[in-house]
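Trainee: One structure, as structure tokens, below. Some questions next.
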Amino acid sequence: MTIRCIAFDLDDTLWDCHSVLHHAEQAQFHYLEQHYPAVVARYPSLEQLITSRLTYLEQYPELQHDLTRLRLRWLQQLALETELAPSMAEQVFQVFWQARNQVKLFPAVLAKLEGLSQTYPLGVITNGNANVHQIGIGHLFCFTLSSAEAGVAKPHPAIFQQALMKAQVAAHEMVYVGDDPEKDVIGAQQVGLRTIWFNPQQREPPIGLKPDAIMTNFAEIEALVKLL
Numbered sequence: 001m002t003i004r005c006i007a008f009d010l011d012d013t014l015w016d017c018h019s020v021l022h023h024a025e026q027a028q029f030h031y032l033e034q035h036y037p038a039v040v041a042r043y044p045s046l047e048q049l050i051t052s053r054l055t056y057l058e059q060y061p062e063l064q065h066d067l068t069r070l071r072l073r074w075l076q077q078l079a080l081e082t083e084l085a086p087s088m089a090e091q092v093f094q095v096f097w098q099a100r101n102q103v104k105l106f107p108a109v110l111a112k113l114e115g116l117s118q119t120y121p122l123g124v125i126t127n128g129n130a131n132v133h134q135i136g137i138g139h140l141f142c143f144t145l146s147s148a149e150a151g152v153a154k155p156h157p158a159i160f161q162q163a164l165m166k167a168q169v170a171a172h173e174m175v176y177v178g179d180d181p182e183k184d185v186i187g188a189q190q191v192g193l194r195t196i197w198f199n200p201q202q203r204e205p206p207i208g209l210k211p212d213a214i215m216t217n218f219a220e221i222e223a224l225v226k227l228l
């Protein structure tokens with residue numbers, strides 16, 4: 001069977017998510033310190049501010065697929081709490097979002113994406129709100145699909161089905177590359193996609209996990225795809 005499209009997860013597959021989000025949260029907090037001290041008076045530390053956001057998110061499980069909308073709504077709530085103008089929410093979000101898209105690609109990622117894009121249409125399927133065009137690699141992808149756009153998050157089958165429609169390929173003709181055993185591997189497999197589990201830490205696979213291939217370094221991807 002021939003692979004006609006390769007799709008990728010973003011966070012923790014093309015770059016380290018924890019460091020990116022930590023940097024973005026810090027940038028947001030510093031902006032609040034400088035421009036909206038009333039918020040910092042209420043939440044004096046970055047940890048307290050993050051706890052406030054997580055507590056707010058727990059109230060809206062039906063919106064967990066749309067992280068941008070959730071963060072904006074939380075910021076709007078902060079504006080209400082501190083009697084600030086509603087425009088504060090969008091201003092602060094833009095600071096976060098700009099920093100959120102300042103990523104450092106894992107070794108070999110850019111070179112391999114550039115090489116693969118010469119042979120295969122590439123795509124993105126992500127639960128996050130990073131923007132590949134803002135990052136500067138959007139030209140390498142034929143389609144992108146976020147959980148916010150799909151209306152559901154991985155591992156829900158609908159997001160993978162929508163990706164297949166965007167790519168105009170059959171399930172067995174797409175291989176999906178991701179780091180999360182449940183959201184990426186199992187999620188894609190339940191729709192019939194081929195899967196490559198990105199496992200740079202060489203973690204022990206969960207019982208029953210059977211990806212089509214396991215990749216520990218992005219330099220391996222071309223050879224693995226050819227074996228599928």
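The UniProt record's numbering applies: residue 1 is where the sequence shown begins, and numbers increase by one.
Glycine is no exception: its CB is placed at the ideal position from the N, C-alpha and C atoms.
For a test of the three-state rule: what should DSSP assign to Ala85, helix, strand or coil?
Mentor: As a working mapping, residue 85 is identified with position 85 in the sequence shown. Looking at Ala85 - three-state DSSP - the assignment turns out to be coil, as it is neither helix nor strand.
Trainee: For Met174, which beta-bridge partners are listed by DSSP?
Mentor: As a first step, residue 174 must be located in the sequence shown, where it is residue number 174. Beta-bridge pairing links Met174 to Cys5.
Trainee: Contact between the region 104-119 and the region 73-93 is defined here as three or more beta-carbon pairs at a separation below 8 Å; is this criterion met?
Mentor: no
Trainee: Run through DSSP, which three-state label would Thr126 get?
Mentor: As a working mapping, residue 126 is identified with position 126 in the sequence shown. Strand, per DSSP.
Trainee: Around the Cβ of Gly178, are there at least 16 other Cβ atoms within 10 angstroms (buried) or fewer (exposed)?
Mentor: The residue given as residue 178 occupies position 178 in the sequence shown. By the neighbour-count rule (16 or more Cβ atoms within 10 Å), Gly178 is buried.
Trainee: In this structure, how does DSSP classify Arg194 when only helix, strand and coil are distinguished?
Mentor: Within the sequence shown, the letter at position 194 stands for residue 194. Looking at Arg194 - three-state DSSP - the assignment turns out to be strand.
Trainee: What alpha helix (DSSP H) runs, 4 residues minimum, are completely inside the region 49-105?
Mentor: 67-81 and 87-100
Trainee: Thinking Asp9 and Asp184 are a contact (beta carbons under 8 Å), I'd like their distance in whole angstroms, please.
Mentor: Here the question's residue 9 lines up with position 9 in the sequence shown. Here the question's residue 184 lines up with position 184 in the sequence shown. Their Cβ separation, rounded to whole angstroms, is 5 Å, which keeps Asp9 and Asp184 in contact under 8 Å.
Trainee: Around the C-beta of Met215, are 16 or more other C-beta atoms found within 10 angstroms, so that it is buried, or is it exposed?
Mentor: Here residue 215 refers to the residue found at position 215 when the sequence shown is read from its first residue. Its Cβ being crowded by 16 or more others within 10 Å, Met215 is buried.
Trainee: Comparing C-alpha positions only, which one of Cys5, Ala170 and Thr13 sits nearest to Asn199?
Mentor: Looking up residue 199 in the sequence shown gives position 199. Of the candidates Cys5, Ala170 and Thr13, the one whose C-alpha sits nearest the C-alpha of Asn199 is Thr13.
Trainee: Would His65 be called buried (16 or more neighbouring beta carbons within 10 Å of its own) or exposed?
Mentor: Counting from 1 along the sequence shown, the entry for residue 65 is found at position 65. With 16 or more Cβ atoms within 10 Å of its Cβ, His65 is classed as buried.
Trainee: How big is the Cα-Cα spacing for Gln34 and Gln162?
Mentor: What you label residue 34 is simply residue 34 of the sequence shown in a count that begins at 1. What you label residue 162 is simply residue 162 of the sequence shown in a count that begins at 1. One C-alpha to the other measures close to 42 Å.
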